[in-house]
Amino acid sequence: MSAENLGRKLLGEVEEVGLDEILNSLRSNDNETTSTTFGIPPLDTMLKNMSEFRQSNMPPVLELISLVSGGGKTHLLYHLTAIAIILKAQGGRQSAVVIIDTDGRFSVPRLAEQVKLLLAQHSAQNPTNASPSPPSDMEETIHAALRHVHIFHPHSLASTTATLRSLPTYLFNPTAHHSFDRAVAFIGLDSASAFYWQYRSEADDAALVPPTGIAGSNKSARAYTDLLSAFRHSSKVLNAPLIFTNRHLGALKDPNSMGPSSRSFRPSLPPPWPNAPTLRLVVHRAAVRKLPVQISVEEAKRESETRQQVVREGKFECFVDEFGVEERVLQRLRVDGAGFDFRITAEGVVLRSEVARADADADSSHETETAKG
Numbered sequence: 001m002s003a004e005n006l007g008r009k010l011l012g013e014v015e016e017v018g019l020d021e022i023l024n025s026l027r028s029n030d031n032e033t034t035s036t037t038f039g040i041p042p043l044d045t046m047l048k049n050m051s052e053f054r055q056s057n058m059p060p061v062l063e064l065i066s067l068v069s070g071g072g073k074t075h076l077l078y079h080l081t082a083i084a085i086i087l088k089a090q091g092g093r094q095s096a097v098v099i100i101d102t103d104g105r106f107s108v109p110r111l112a113e114q115v116k117l118l119l120a121q122h123s124a125q126n127p128t129n130a131s132p133s134p135p136s137d138m139e140e141t142i143h144a145a146l147r148h149v150h151i152f153h154p155h156s157l158a159s160t161t162a163t164l165r166s167l168p169t170y171l172f173n174p175t176a177h178h179s180f181d182r183a184v185a186f187i188g189l190d191s192a193s194a195f196y197w198q199y200r201s202e203a204d205d206a207a208l209v210p211p212t213g214i215a216g217s218n219k220s221a222r223a224y225t226d227l228l229s230a231f232r233h234s235s236k237v238l239n240a241p242l243i244f245t246n247r248h249l250g251a252l253k254d255p256n257s258m259g260p261s262s263r264s265f266r267p268s269l270p271p272p273w274p275n276a277p278t279l280r281l282v283v284h285r286a287a288v289r290k291l292p293v294q295i296s297v298e299e300a301k302r303e304s305e306t307r308q309q310v311v312r313e314g315k316f317e318c319f320v321d322e323f324g325v326e327e328r329v330l331q332r333l334r335v336d337g338a339g340f341d342f343r344i345t346a347e348g349v350v351l352r353s354e355v356a357r358a359d360a361d362a363d364s365s366h367e368t369e370t371a372k373g
């Protein structure tokens, strides 16, 4: 057999595989080992349950919804980002993160504080005989982690769509950044509702244009559809989960009451966004209990201190938005957990499990000191 024929034969045996298929295979192997998507156990469990019912091979899509301004969704995004970029040896996932900051509020200093908090928690949970690292080493570690957060600041729906479409080209360029050897933990859009009213205004204006302007009218109507298409395309090519935040734009039943009847909120973004999320989570500050009508002055004073303590603790709750979720899925979620709590402190976000662990460590330390005394 000639060299030319041998070459043709060998070439015919080569199986062409897309880069997205390779990345998907690598992530699947990694997930089988770690059983994690975002690094928050209750969140990963909820996503796993929802993904099983949706039976989709695409990376999951998480929507974080706030009911009012200051709902805590961006702080939760800081926590998820910090987990993603910290080294595995330090308790993180050693990945890269892309943030599309359309609100212009994503704070790098605040993210740095969150990274510092997680590093301190990991050190406390994994004590060694070595001397504590000097502050300069901590700052260097934080800086090294932050190099793997890629933040973009588009100023319109069109520029956001263009940014998302350009992500694969940017991330696959080894000379453009420091994250070429890292997987993308997720692509975050904060927020998807930033340009909603601009979109509505342009769509309403386009509807008034005479028939000769149909093309422009259709372009305005497609703006959010094109945005989601670009979002999904980057997710598929990079095999990266998606997170987008959203301010609920509809009327609230009772913003101070988060009972079972208030856990369903109709999506406010235009189609096809309502069908995009694998899981929709509502993030809000824990409500302060109202004072009973028949309360005495003394009881009111005591209750006031309790209420102030709740506010000082900065407690937030995160629960599944039940709108459109089948009852059998809700039952599964309620068994395995359909939410979690966290606190926003001066140092950063602390999950309820971390608060409980810190309290237990403090009690243990106190008991040890008492025994020594």
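Quick note, the sequence shown lines up with residues 1 to 373 if you use the UniProt record's numbering.
Each residue gets a CB set at the ideal place from its N, CA and C atoms; glycine is no exception.
The model shown is predicted, which means the values in this text are computed figures rather than measured ones.
Item: Since S66 is in the beta strand (DSSP E), which residue starts that stretch and which ends it?; Value: 61-66
Item: Which value, in whole angstroms, describes the spacing of the CA atoms of L64 and N275?; Value: 14 Å
Item: Using 8 Å as the cut-off, can you tell me whether the stretch 37-46 makes contact with the stretch 330-346, which would need three or more C-beta pairs spanning the two stretches below that distance?; Value: yes
Item: For a test of the three-state rule: what should DSSP assign to F180, helix, strand or coil?; Value: coil
Item: Between which two residues does the alpha helix (DSSP H) holding I278 run?; Value: The question names Ile, but residue 278 is Thr in the sequence shown. Per DSSP, T278 belongs to no alpha helix (DSSP H) and is neither H nor E.
Item: Between the Cα of V98 and the Cα atoms of K48, H178, S156, which residue gives the shortest distance?; Value: H178
Item: From P134 to D190, what distance separates their C-alpha atoms?; Value: 34 Å
Item: Closer than 7 Å to a non-hydrogen atom of the ligand SAH - does that hold for the CB of S179?; Value: Inclusion of the ligand SAH in the displayed structure is not the case, the ligand content being empty and no account of it being possible.
Item: Just the Cα atoms here: how many angstroms apart are T225 and Y78?; Value: 27 Å
Item: Flag this pair as touching only if the stretch 83-101 and the stretch 57-71 have three or more C-beta atom pairs under 8 Å; answer yes or no.; Value: no
Item: S320 lies in the alpha helix (DSSP H); which residues open and close that run?; Value: Per the sequence presented here, residue 320 reads as Val, with Ser not at that position. Not the alpha helix (DSSP H): V320 falls in the beta strand (DSSP E), residues 315-320.
Item: Keeping to the same chain, check which residues put their C-beta closer than 8 Å to that of L47; ignore five residues upstream and five downstream.; Value: T37, F38, P60, L62, T278, L279
Item: Which same chain residues end up closer than 6 Å to V115 when comparing Cβ atoms and leaving out the 5 residues on each side of it in sequence?; Value: A82, I142, A145
Item: Spell out the partners DSSP gives R247 in its beta bridges.; Value: S66
Item: Go through its chain and collect everything with a Cβ distance to A194's Cβ below 6 Å, but skip five positions before and after it.; Value: T102, D103
Item: Which residue marks the beginning of the beta strand (DSSP E) containing I86, and which one marks its end?; Value: That residue, I86, is in no beta strand (DSSP E); it is neither H nor E in DSSP.
Item: Please state whether the Cβ-Cβ distance between T161 and L227 is less than 8 Å.; Value: yes
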